[in-house]
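Engineer: Mapping the sequence shown onto numbering that gives the first Met the number 0, position 46 (from 1) lands on 45, and the numbers just tick up by one.
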Amino acid sequence: MNQDINETTAEHLEREAPEALGDAGARLEAALVALARSLRPFPAFMGMVSVQAIELEPPFKPLRDLGCVVVDPEGQICQLDVTSVGGLAGVIEADQVEVFQPLELTPLEYLVYADTAIALLSEELRRRGR
Numbered sequence: 000m001n002q003d004i005n006e007t008t009a010e011h012l013e014r015e016a017p018e019a020l021g022d023a024g025a026r027l028e029a030a031l032v033a034l035a036r037s038l039r040p041f042p043a044f045m046g047m048v049s050v051q052a053i054e055l056e057p058p059f060k061p062l063r064d065l066g067c068v069v070v071d072p073e074g075q076i077c078q079l080d081v082t083s084v085g086g087l088a089g090v091i092e093a094d095q096v097e098v099f100q101p102l103e104l105t106p107l108e109y110l111v112y113a114d115t116a117i118a119l120l121s122e123e124l125r126r127r128g129r
């Protein structure tokens, strides 16, 4: 890298960085949505017939706890909360409630999670021979 970058150029490049991240995020989002929508049936989450999602475990330790982060059949990255609700007869007849919560990710977090999701969805498509 050129060490002769002047302050004005550095400031300009610093202002462009968020826009570049946003552009990359938008391109990844479009690819992710297309991949997710092409994967039918969408995989079941941990063998649960009622929940279609793929858990995303990025190759880094997140800086904050986001809970169970998944990609859904529409290509959205969200948090999945699965709660057991006891029935009248007790735990044996428990129901479960699944809630997909939108996540507010930083642009950098989105890039990493989207990249992870695209890799997993692509792997699933290859596994199916597509």
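Note that the Cβ used here is the ideal one computed from N, Cα and C, for glycine as well. Only a predicted model underlies this, so the values are computations on that prediction, with no experimental measurement involved.
On the three-state DSSP scale, how would you describe leucine 102?
Structural biologist: Taking the first residue of the sequence shown as position 1, residue 102 is located at position 103. Leucine 102: coil per DSSP, three-state reduction.
Engineer: Rounded to the nearest angstrom, what separates leucine 79 and valine 50 at their Cα positions?
Structural biologist: Position 80 of the sequence shown, counted from the first residue, corresponds to residue 79. Position 51 of the sequence shown, counted from the first residue, corresponds to residue 50. Answer to the nearest angstrom: the Cα atoms are 10 Å apart.
Engineer: In its own chain, which residues sit with a C-beta less than 7 Å from the C-beta of leucine 65, not counting the 5 before and 5 after it?
Structural biologist: Residue 65 sits at position 66 when you count from the first residue of the sequence shown. The answer, listed in chain order, is Gln78 and Leu102.
Engineer: Does the beta-carbon of alanine 116 have 16 or more other beta-carbons within 10 angstroms, so that it is buried, or is it exposed?
Structural biologist: As a first step, residue 116 is located in the sequence shown; it is residue number 117 there, counting from the start. Per the 10 Å Cβ criterion, buried.
Engineer: Excluding the 5 residues preceding and the 5 following leucine 55 in the sequence, name in chain order all residues of the same chain whose CB lies nearer than 8 Å to its CB.
Structural biologist: As a working note, residue 55 is residue 56 in the sequence shown. Here the set comprises Val68, Val69, Val70, Ile76, Tyr112, Thr115, Ala116 and Leu119.
Engineer: Could you give the C-beta distance for arginine 36 and glutamate 73, rounded to a whole number, given that I count them as a contact under 8 Å?
Structural biologist: In the sequence shown, residue 36 corresponds to position 37, counting from 1. In the sequence shown, residue 73 corresponds to position 74, counting from 1. The Cβ separation is near 7 Å, so the contact holds.
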